[in-house]
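Before any comments, here is the structure.
There are 2 protein chains.
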Amino acid sequence: MEDKEIRKAGLKVTAPRLKILELLETCGEHHVSAEEIYRLLLADGEEIGLATVYRVLTQFEAAGLVERHRFEDGYSVFELNRGGHHDHIVCVTCGKVKEFVDDTIEQRQREIAEDKGYEIGDHSLIIYGRCRDPGCPNHGKADNKD
Amino acid sequence: MEDKEIRKAGLKVTAPRLKILELLETCGEHHVSAEEIYRLLLADGEEIGLATVYRVLTQFEAAGLVERHRFEDGYSVFELNRGGHHDHIVCVTCGKVKEFVDDTIEQRQREIAEDKGYEIGDHSLIIYGRCRDPGCPNHGKADNKD
DNA sequence: TAGAGCATGCGAAAGCTTCTCATTTCCTGC
DNA sequence: GCAGGAAATGAGAAGCTTTCGCATGCTCTA
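Protein sequences, first through last, are from chains A and B.
If you use our numbering, the first sequence closes out at 146, no skipped numbers anywhere.
If you use our numbering, the second sequence closes out at 1146, no skipped numbers anywhere.
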């Protein structure tokens, strides 16, 4: 039941919040933008405003229920916080995002932070590349420069 | 002389471009936003438009003279491209940015991309932490949560 | 020195996100 | 189950950074 999580975050249980949480759950590893959530809910027959989507996502983020990532093109994507930290690898051609975790890198990051005199808090590692999926417009073109 | 670099980029040598390049040179490792550049140039008595600053920075970026980074708050900062790739570690309290390069991490990233079926292009690694500088408002408070 | 084009500055506009505010909804206590 | 107050909502306006459009100005070549 999602109610619990919402209540635990100190928020009232309302239709928009439930719907957004549900939707995020069905998304799994897929990262959605606020706009996408908005359109999906509208298509689903919900009466919801874009402002509400942003508001709710921001609250969920503050409550730790949701993670927000900003990719290089400047817009944000959201996903359920499933506990484990992970980084992202993004295809610059088709936009597909995969997640990964690498202990070696995590460890080195802690060492670097320590070395530079920082208490490590969070980090964001995004690798940009080109995927080799058949569906990707880049498929087969190894060193396509544009 | 900066003229050469501008010309080499296929751009005409104009006052705004020279001034922006000069300014970036004086910035060293300090990362400046377009807005900052604009204000600094105005304060310096230059007649310049914000649009020009963005235009020139974008051209410089395309020419490889300048690097642009987007941090989590959503706006961009710029710095001269001094050749070597590097990553960033940012203090979430005072905003200070340091640079670093780590071969272990670079290597692991290539392996991960390979493993996931991507041709690696670029990447962006930003570590967020709290610095221990005396000037930082966070100084001394080890596990300040906000 | 003159001409062709690129570059500029200004304001307007775009895209994403947040704010404002009147209205609606949730929750508590009766 | 109902009323009241606070919180949440939807719609649009406004904010932010960034880009565009266009008339004017400048750079560079001949």
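Beta carbons: idealized from backbone N, C-alpha and C, even for Gly.
Does DSSP put residue i in a helix, a strand or coil?
i	result
Gly1140 of chain B	Interpretation of Gly1140 of chain B is limited by its pLDDT of 47, a score under 50 that renders its predicted location unreliable; the figure taken from the coordinates is listed afterwards. Residue state, collapsed to three classes: coil.
Asp1087 of chain B	strand
Lys145 of chain A	With a pLDDT of 36 at Lys145 of chain A, under the threshold of 50, the predicted position of this residue should be treated as unreliable, and no value is reported.
Arg39 of chain A	helix
Cys1131 of chain B	strand
Val97 of chain A	strand
Leu125 of chain A	strand
Glu46 of chain A	coil
Val1092 of chain B	coil
Val53 of chain A	helix
Thr1026 of chain B	helix
Arg7 of chain A	helix
Give me the DSSP bridge partner(s) of residue i.
i	result
Thr33 of chain A	At residue 33 of chain A the sequence reads Ser, which differs from the Thr that was named. Answer is none; Ser33 of chain A lacks a bridge partner.
Arg70 of chain A	A:Ser76
Arg118 of chain A	For the sequence presented, residue 118 of chain A should be read as Tyr rather than Arg. Tyr118 of chain A is bridged to B:Cys1131.
In whole angstroms, give me the CA-to-CA distance for residue i and residue j.
i	j	result
Ala43 of chain A	Asp87 of chain A	31 Å
Asp3 of chain A	Ala9 of chain A	10 Å
Tyr1118 of chain B	Ile127 of chain A	10 Å
Leu1080 of chain B	Leu1065 of chain B	6 Å
Ile1006 of chain B	Glu1025 of chain B	14 Å
Arg1108 of chain B	Thr104 of chain A	8 Å
Arg1039 of chain B	His1031 of chain B	14 Å
Phe1060 of chain B	Glu1046 of chain B	19 Å
Ile120 of chain A	Ala1034 of chain B	28 Å
Lys48 of chain A	Ile1037 of chain B	Checking the sequence shown, residue 48 of chain A turns out to be Ile, not Lys. Their backbone Cα atoms lie some 40 Å apart in a straight line.
Asp73 of chain A	Val1053 of chain B	19 Å
Residues in the region 76 to 106 of chain A with C-beta within 7 Å of chain B's C-beta atoms, listed in sequence order? For the region 76 to 106 of chain A, residues whose beta-carbon sits nearer than 7 Å to a beta-carbon of chain B comprise Ile89, Cys91, Val92, Lys98, Phe100, Asp102, Thr104, Ile105.
Chain B contacts from the region 11 to 38 of chain A (Cβ-Cβ distance under 7 Å): none
Below 7 Å between beta carbons is the criterion; list the residues of the region 1107 to 1141 of chain B that meet it against any residue of chain A, in chain order. Arg1108, Gln1109, Ile1112, Ala1113, Lys1116, Gly1117, Tyr1118, Glu1119, Ile1120, Gly1121, Asp1122, His1123, Ser1124, Leu1125, Ile1126, Ile1127, Tyr1128, Gly1129, Arg1130, Cys1131, Arg1132
Which residues of the region 37 to 64 of chain A have a Cβ closer than 8 Å to any Cβ of chain B? Give them in chain order. none
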